[in-house]
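There are 2 protein chains.
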Amino acid sequence: MSNPLVRRLEQFTRLSAEDRSALDRATGNGARQVAARTDIIREGDRPNGTNLVLSGWACRYKQLEDGRRQILGFLLPGDLCDYQASLLREMDHSIGALTPVTVTSLPRTTLDDLTACHPRVGQALWWETLVAHAIHREWIVSLGQRDAAERIGHLLCELLLRLRSVGLTRGDTCDIPLTQADLGDAMGLSTVHVNRTLQYLRGAGLITLKGGVLTIPDLCALMDASLFNPTYLHLHREGAQFDANE
Amino acid sequence: MSNPLVRRLEQFTRLSAEDRSALDRATGNGARQVAARTDIIREGDRPNGTNLVLSGWACRYKQLEDGRRQILGFLLPGDLCDYQASLLREMDHSIGALTPVTVTSLPRTTLDDLTACHPRVGQALWWETLVAHAIHREWIVSLGQRDAAERIGHLLCELLLRLRSVGLTRGDTCDIPLTQADLGDAMGLSTVHVNRTLQYLRGAGLITLKGGVLTIPDLCALMDASLFNPTYLHLHREGAQFDANE
DNA sequence: CGGTCCCTTGACAGCCGTCAACTACCGTGG
DNA sequence: CCACGGTAGTTGACGGCTGTCAAGGGACCG
Numbered sequence: 142m143s144n145p146l147v148r149r150l151e152q153f154t155r156l157s158a159e160d161r162s163a164l165d166r167a168t169g170n171g172a173r174q175v176a177a178r179t180d181i182i183r184e185g186d187r188p189n190g191t192n193l194v195l196s197g198w199a200c201r202y203k204q205l206e207d208g209r210r211q212i213l214g215f216l217l218p219g220d221l222c223d224y225q226a227s228l229l230r231e232m233d234h235s236i237g238a239l240t241p242v243t244v245t246s247l248p249r250t251t252l253d254d255l256t257a258c259h260p261r262v263g264q265a266l267w268w269e270t271l272v273a274h275a276i277h278r279e280w281i282v283s284l285g286q287r288d289a290a291e292r293i294g295h296l297l298c299e300l301l302l303r304l305r306s307v308g309l310t311r312g313d314t315c316d317i318p319l320t321q322a323d324l325g326d327a328m329g330l331s332t333v334h335v336n337r338t339l340q341y342l343r344g345a346g347l348i349t350l351k352g353g354v355l356t357i358p359d360l361c362a363l364m365d366a367s368l369f370n371p372t373y374l375h376l377h378r379e380g381a382q383f384d385a386n387e
Numbered sequence: 142m143s144n145p146l147v148r149r150l151e152q153f154t155r156l157s158a159e160d161r162s163a164l165d166r167a168t169g170n171g172a173r174q175v176a177a178r179t180d181i182i183r184e185g186d187r188p189n190g191t192n193l194v195l196s197g198w199a200c201r202y203k204q205l206e207d208g209r210r211q212i213l214g215f216l217l218p219g220d221l222c223d224y225q226a227s228l229l230r231e232m233d234h235s236i237g238a239l240t241p242v243t244v245t246s247l248p249r250t251t252l253d254d255l256t257a258c259h260p261r262v263g264q265a266l267w268w269e270t271l272v273a274h275a276i277h278r279e280w281i282v283s284l285g286q287r288d289a290a291e292r293i294g295h296l297l298c299e300l301l302l303r304l305r306s307v308g309l310t311r312g313d314t315c316d317i318p319l320t321q322a323d324l325g326d327a328m329g330l331s332t333v334h335v336n337r338t339l340q341y342l343r344g345a346g347l348i349t350l351k352g353g354v355l356t357i358p359d360l361c362a363l364m365d366a367s368l369f370n371p372t373y374l375h376l377h378r379e380g381a382q383f384d385a386n387e
């Protein structure tokens with residue numbers, strides 16, 4: 142199977158063979174297993190480099206003093222955890238594994254060499270970061286304006302499209318290893334209400350979700366119901382002007 | 142008065158005299174007036190460069206098809222509108238003026254020259270972008286977990302600290318040229334409930350807000366009541382290792 | 001077989017939205 | 001000078017979306 146980071150970055154620009162092999166070298170060693178429900182990196186840490194998710198699901202989250210937890214985003218294979226953290230002195234949020242996760246650490250020096258010798262890769266890494274932030278903006282819209290059914294429908298659309306972009310779907314079906322409590326912590330809803338909302342979406346024929354397997358039989362219908370506009374995912378090879386010419 | 146962008150970037154790192162004068166040159170010409178309640182840049186635009194707010198208040202926002210509007214963040218003097226937009230093909234949100242605003246446009250070539258010749262400035266510009274995104278993450282927490290009083294209290298703390306960092310406060314007082322509808326669109330609340338919440342905060346002695354003038358007599362008290370932790374604003378000269386040595 | 005995690009269900013309460021009307025303020029123009 | 005209109009703020013009544021609490025069921029596992 143191909144390197145998930147390569148697959149991810151090629152959403153942005155076509156990479157050359159040298160770009161790809163440099164990425165393979167950079168991500169090929171030091172893979173690390175992280176158990177489900179443990180932290181990959183914690184608020185206050187000062188990472189020296191960045192972590193890359195190779196397999197499994199993780200999430201960014203913040204915890205308030207009184208225990209309330211807000212999930213800020215989900216990290217899928219090929220996603221970088223903290224590419225930007227070296228400029229900000231310390232992490233202002235944590236990243237935790239939701240399933241067993243394989244991560245590899247890209248030291249700062251490796252990143253610097255990579256971006257210096259392969260400018261296309263450097264561009265693509267920033268693109269990856271900026272798309273993550275575009276997703277954050279869309280979550281603000283969800284949390285501020287959409288009701289429970291729209292929020293969850295919107296999130297499921299996002300996850301299906303993101304998984305599809307890294308080859309982790311089977312047609313209109315994909316694995317969603319999230320508990321209803323996770324969905325609630327992400328969308329600002331109680332577990333009970335997530336449950337009721339999922340039943341509503343099932344009853345409306347918009348989704349099936351059972352045993353961690355999601356199917357969206359009519360994606361357009363769910364997108365309409367959730368006011369979902371996919372442009373914020375920037376999935377259509379934005380950086381064609383940087384394409385390797387081969 | 143000093144260049145607000147210089148003032149802003151010096152939150153991150155001490156700039157050299159050359160850095161500052163290069164910034165002054167880059168931002169010194171082509172200032173443009175934008176009327177209140179009009180757009181500076183619109184979703185779908187493909188900006189060639191970036192806009193800088195010199196004076197006045199603006200906001201990022203997204204509008205859903207059915208008219209609901211979500212404000213994503215407030216732009217104060219010294220803030221960049223779209224430093225990252227050139228990598229993403231088009232704007233996925235709009236930026237509108239809330240008051241009369243002065244903006245100046247930094248063309249891409251100017252930015253490239255600036256960052257090539259003044260690496261400290263390049264670092265600082267990315268820092269500015271990353272702090273904006275850290276603020277977005279904190280808003281997700283507000284919208285997902287905090288109730289109305291906490292949300293508004295938290296936002297007012299944020300605005301006071303950000304204004305203070307660019308010298309736009311008078312002690313514990315500052316100007317907040319936002320309508321209650323604006324506050325509602327930002328915090329996902331109806332205008333009526335914003336009004337009731339402000340009255341609650343006033344009644345609790347946590348704020349006074351009248352005629353666009355905000356006073357927070359006891360900032361610590363409001364921060365406690367709002368579960369406000371200022372680290373996400375990254376206001377304490379993170380980039381000291383890049384300081385100009387002069 | 002007991003325990004744990006996750007999902008599900010029902011009853012009830014409360015935060016917050018909607019609707020509508022009213023006030024205050026301000027600039028404009030007759 | 002005052003009528004007028006528009007914007008922003010305020011208030012009350014009412015309803016609904018969503019949270020909380022509590023209990024029960026099913027799947028998996030040691």
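Just so you know, the protein sequences line up as chains L and Y, in that order. If you want our numbering, it's the 1-based position in the first sequence plus 141. If you want our numbering, it's the 1-based position in the second sequence plus 141. Glycine included, every Cβ here is placed at the ideal spot set by N, Cα and C.
DSSP-derived helix/strand/coil call for residue i
| i | result |
| --- | --- |
| ASN192(L) | strand |
| PRO248(L) | strand |
| SER235(Y) | strand |
| CYS182(L) | Note that residue 182(L) corresponds to Ile in the displayed sequence, not to Cys. Strand, per DSSP. |
| CYS222(L) | coil |
| LEU344(L) | This sequence places Gly at residue 344(L); Leu is not what is there. It is helical. |
| ARG429(Y) | Because chain Y in this structure spans residues 142 to 387, residue 429(Y) falls outside the shown range and cannot be described. |
| ARG173(Y) | strand |
| LEU229(Y) | coil |
| THR243(Y) | strand |
| PHE369(L) | coil |
| GLU291(L) | helix |
| SER331(Y) | coil |
| ASP253(L) | helix |
| ASP160(L) | helix |
| ALA385(L) | coil |
| ARG378(L) | coil |
Proximal chain L residues relative to residue i, where beta-carbon distance stays under 9 angstroms
| i | result |
| --- | --- |
| ARG149(Y) | The contacting residues do not exist; ARG149(Y) stays about 15 angstroms from chain L at best. |
| GLN152(Y) | None at all; the shortest Cβ gap to chain L is about 12 angstroms. |
Residue i - containing beta strand (DSSP E), residue span
| i | result |
| --- | --- |
| ASP365(Y) | Element bounds for ASP365(Y): not the beta strand (DSSP E) but the alpha helix (DSSP H), 360-366. |
| ASP316(Y) | 314-316 |
| LEU156(Y) | No beta strand (DSSP E) contains LEU156(Y), which DSSP labels as neither H nor E. |
| LEU350(L) | 349-351 |
| GLN204(L) | 199-204 |
Cutoff 9 angstroms: residue i Cβ touching any chain Y Cβ
| i | result |
| --- | --- |
| VAL272(L) | yes |
| ASP254(L) | no |
| HIS259(L) | no |
| LEU229(L) | yes |
| ILE281(L) | yes |
| LEU342(L) | no |
| GLN225(L) | yes |
| GLU299(L) | no |
| GLY380(L) | yes |
| ALA362(L) | no |
| LEU146(L) | no |
| ARG278(L) | yes |
| GLN264(L) | yes |
Residue interval of the alpha helix (DSSP H) (run including residue i)
| i | result |
| --- | --- |
| GLY285(L) | 260-286 |
| THR356(L) | From DSSP, THR356(L) is part of no alpha helix (DSSP H) but of the beta strand (DSSP E) over 354-356. |
| VAL307(Y) | Here VAL307(Y) belongs to no alpha helix (DSSP H), and DSSP marks it neither H nor E. |
| LEU150(Y) | 145-150 |
| LEU213(Y) | It is not in any alpha helix (DSSP H) - LEU213(Y) instead sits in the beta strand (DSSP E) that spans 210-216. |
| GLN101(L) | As shown, chain L starts at 142 and ends at 387. That puts residue 101(L) outside it, with no answer to give. |
Neighbour list for residue i in chain L, Cβ cutoff strictly below 7 angstroms
| i | result |
| --- | --- |
| TYR373(Y) | ASP233 |
| ARG178(Y) | Those within 7 angstroms of ARG178(Y) in chain L number zero; the least Cβ separation is about 20 angstroms. |
Chain Y residues whose Cβ lies nearer than 8 angstroms to that of residue i
| i | result |
| --- | --- |
| ARG209(L) | GLN286 |
Heavy atom of the ligand SAH within 8 angstroms of residue i beta-carbon
| i | result |
| --- | --- |
| THR240(Y) | Among the components modelled here there is no ligand, and therefore nothing to report on the ligand SAH. |
Chain L contact for residue i (CB, 9 angstroms cutoff)
| i | result |
| --- | --- |
| GLY329(Y) | yes |
| ARG201(Y) | yes |
| TRP198(Y) | no |
| GLU206(Y) | yes |
| ASP388(Y) | In the structure as shown, chain Y begins at 142 and stops at 387. Residue 388(Y) is therefore absent and cannot be evaluated. |
| ASP326(Y) | yes |
| ASP290(Y) | Note that residue 290(Y) corresponds to Ala in the displayed sequence, not to Asp. Not an interface residue. |
| ALA275(Y) | yes |
Problem set entry | Three-pair Cβ contact test at 8 angstroms for the region 149-158 of chain Y versus the region 248-265 of chain Y | yes
Exercise. Are the region 236-253 of chain Y and the region 171-187 of chain Y in contact at 8 angstroms, needing three or more beta carbon pairs?
Worked result: Contact between the region 236-253 of chain Y and the region 171-187 of chain Y is present, because at least three Cβ pairs lie under 8 angstroms.
For this session: Assess, as a yes-or-no matter, whether the region 297-306 of chain Y is touched by the region 189-201 of chain Y under the definition of 3 or more beta carbon pairs within less than 8 angstroms.
Result: no
Exercise. Are at least three pairs of beta-carbons, each pair with one atom in the region 229-243 of chain L and one in the region 196-206 of chain L, less than 8 angstroms apart?
Worked result: yes
Exercise. Three or more C-beta pairs closer than 8 angstroms, one from the region 313-324 of chain Y and one from the region 312-319 of chain L: is that the case here?
Worked result: no
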